[in-house]
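Everything in the sequence shown is counted per our numbering, starting at 23 for the first residue and increasing by one. Yeah, the Cβ is synthetic: ideal placement off N, Cα and C, and Gly gets one too.
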Amino acid sequence: EIELTVGPSRVRWLAEHRDSRPPGGFTDVMLRGPFSSWTHRHSFEPADDGCRLTDRIRYALPGGPIGDLVAGAWTAHSLRRSFEYRHRVTASDLDVHQTYSLGGPRSFLISGSTGLVGSALTALLSTGGHRVTRLSRGDSDAKDPLGAARVRWDPAAGRLKVEDVDGFDVVVHLAGESIAAGSWSTERKARIRDSRVNGTRLLCRALAGAPRPPRVLVCASAVGFYGDRGEESVDETSDRGSGFLADTCSEWEEAAEPARSAGIRVVNLRIGIVLTPAGGALARMLFPFKLGVGGPLGDGSQYWSWISLDDLLGAIMHATATEELAGPVNAVTPTAPTNRDFSRTLGSVLGRPAILPAPAAVLRLALGEMADEMLLTGARVVPARLVDSGFTFRYPELDGALRHVLGRPDRGGA
């Protein structure tokens with residue numbers, strides 16, 4: 023069951039998968055939705071250079087000949103664009119798996135697997151043939167849609183069994199209280215810090231005590247480590263900044279010491295703003311920018327270091343496969359714009375003006391300390407270690423990255 027946005031309306035699409043013949047393909051048939059009928063055959067066939075994916079669709083618009091006259095050409099054009107986009111994404115994902123084959127299927131343990139990054143990573147790994155286990159705080163016994171197994175932990179109570187984390191090839195630790203879900207009261211700041219520091223320490227102690235520890239732990243951190251640096255460029259050799267986020271990130275990374283001391287290769291991935299309309303900063307910006315009332319935050323001079331979700335997943339795979347990487351690694355693109363330039367580019371991609379600033383005083387009144395640490399300050403972060411270790415960004419430029427994640431054509435119409 024899929025929910026679609028069609029103009030101002032939401033439409034539910036109920037489909038049934040039939041004729042599944044792994045690995046040759048399957049068919050999905052619309053039982054209820056916006057078309058009069060829809061049958062879509064996905065075929066995977068051997069080819070000289072690998073595999074050929076073909077989508078064959080038979081559909082009918084509602085309204086018969088009148089529907090064809092009114093919307094036939096537009097529908098055909100939209101479907102062509104949609105499937106060109108899908109095929110490009112599929113090819114890119116397969117390229118990631120070929121680049122980082124890891125010597126065959128591996129077993130991954132992922133915390134924060136239902137979050138913005140974790141859910142996408144779980145899907146990428148699962149569909150690439152790797153075995154994924156979710157490290158979950160939930161009590162639900164519902165079947166996982168991706169077939170992932172689950173093990174339970176309770177980081178707040180300090181509960182995690184060593185035997186539950188034994189025998190995994192790779193652990194990716196992404197769990198932590200959202201830093202943008204509300205203003206920072208004293209209690210909320212404590213939850214943000216404790217969820218990261220205490221959870222990381224608990225996990226790393228368990229991994230260190232496991233009879234068969236993982237060969238690598240990729241542990242999330244953030245570019246908040248650098249604090250507000252103005253025009254200064256910073257890389258992994260730079261000192262940490264000041265403020266709540268810098269202090270939290272520093273303690274977060276130090277909490278992985280039990281794993282390092284046990285000989286596990288630990289990569290502290292300092293992640294910037296993740297570009298995806300599914301959540302995070304971009305999702306919050308889209309509504310006002312689509313209305314034409316978006317613009318810079320404060321004076322817009324602060325740098326926003328960012329990375330597309332696709333490139334972040336690639337960076338995680340790269341960190342997993344690259345033996346020389348350990349310690350801090352900046353997960354951002356090489357091109358950090360100011361917030362003013364970021365806003366201008368987003369407005370251009372959406373075809374809207376982006377000239378109405380959000381006054382700093384108003385942001386501080388509404389969000390308090392969080393406004394200063396997350397919105398009105400920033401750092402010009404350089405991904406030196408990713409670049410030096412041979413990582414290739416799919417979307418190094420902001421315009422191209424935004425057009426990709428938002429499905430917007432480029433200036434040539436592609």
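According to DSSP, residue i sits in a beta bridge with which residue or residues?
| i | result |
| --- | --- |
| N290 | C241 and P350 |
| C13 | Outside the shown range of the chain, which is 23 to 436, sits residue 13, and nothing can be said about it. |
| V28 | S31 |
| A171 | T155 |
| H39 | D50 |
| I295 | W328 |
| V193 | L131 and L239 |
| V256 | V403 |
Please state whether DSSP places residue i in a helix, a strand or coil.
| i | result |
| --- | --- |
| I88 | helix |
| R282 | helix |
| Y81 | strand |
| R251 | coil |
| S59 | strand |
| A401 | coil |
| L319 | strand |
| A380 | strand |
| D176 | strand |
| R306 | helix |
| T144 | helix |
| T414 | coil |
| D261 | coil |
| I188 | Rather than Ile, the amino acid found at residue 188 in this sequence is Asp. Residue state, collapsed to three classes: coil. |
| G246 | helix |
| E199 | coil |
| T149 | helix |
| R234 | coil |
| A388 | helix |
| D432 | coil |
| E395 | helix |
Where do the N-terminal and C-terminal ends of the alpha helix (DSSP H) with residue i fall, by residue?
| i | result |
| --- | --- |
| R407 | A406 to D410 |
| D50 | No alpha helix (DSSP H) holds D50; the beta strand (DSSP E) holding it covers G47 to R54. |
| I338 | L331 to A343 |
| V219 | T208 to G231 |
| S272 | F266 to E276 |
| D421 | L420 to L428 |
| S370 | N361 to L372 |
Going by beta carbon distance, what residues of the same chain come within less than 6 Å of residue i, once the five residues before and after it are set aside?
| i | result |
| --- | --- |
| G221 | P177 and A197 |
| P280 | C226, R227 and A230 |
| G89 | L83 |
| A171 | T155 |
| S42 | F48 |
| G301 | L138 |
Given residue i, which residues of its chain have a CB within under 7 Å of its CB, disregarding the five upstream and five downstream residues?
| i | result |
| --- | --- |
| D115 | L146 |
| H109 | L75 |
| D70 | none |
| S205 | L389, G390 and M392 |
| S255 | R402 and V404 |
| V296 | L138, V139, G302, I329, L331 and L334 |
| S66 | One detail in the question is off: residue 66 reads as Phe in this sequence, not Ser. Here the set comprises P45, G46, G47, C73 and L75. |
| R210 | G204 |
Return yes when the C-beta of residue i is under 7 Å from any heavy atom of the ligand MN, and no when it is not.
| i | result |
| --- | --- |
| P359 | You won't find the ligand MN in this model; it holds no ligand whatsoever. |
If you follow the beta strand (DSSP E) that residue i is in, where does it begin and where does it stop?
| i | result |
| --- | --- |
| L313 | L313 -> no beta strand (DSSP E), and no H or E assigned at all. |
| V184 | Neither: V184 is in no beta strand (DSSP E) and is coded neither H nor E. |
Is the Cβ of residue i closer than 8 Å to any Cβ of chain C?
| i | result |
| --- | --- |
| G46 | The displayed structure is made up of one protein chain only, and chain C is not part of it. |
Spatial neighbours of residue i within its chain, please: CB distance less than 8 Å, with the 5 preceding and 5 following residues excluded, ordered by chain position.
| i | result |
| --- | --- |
| F57 | Y81, A82, L83 and P84 |
| S59 | M52, R80, Y81 and A82 |
| F247 | R262, G263, L267, A268, C271, S272, E275, R292 and P350 |
| S323 | T360, N361 and R362 |
| R374 | F311, K312, L313, G314 and G316 |
Note to self: Which runs of the beta strand (DSSP E) at least 3 residues long sit entirely within the segment 93–137? Give them in chain order.
What the structure shows: 129–133
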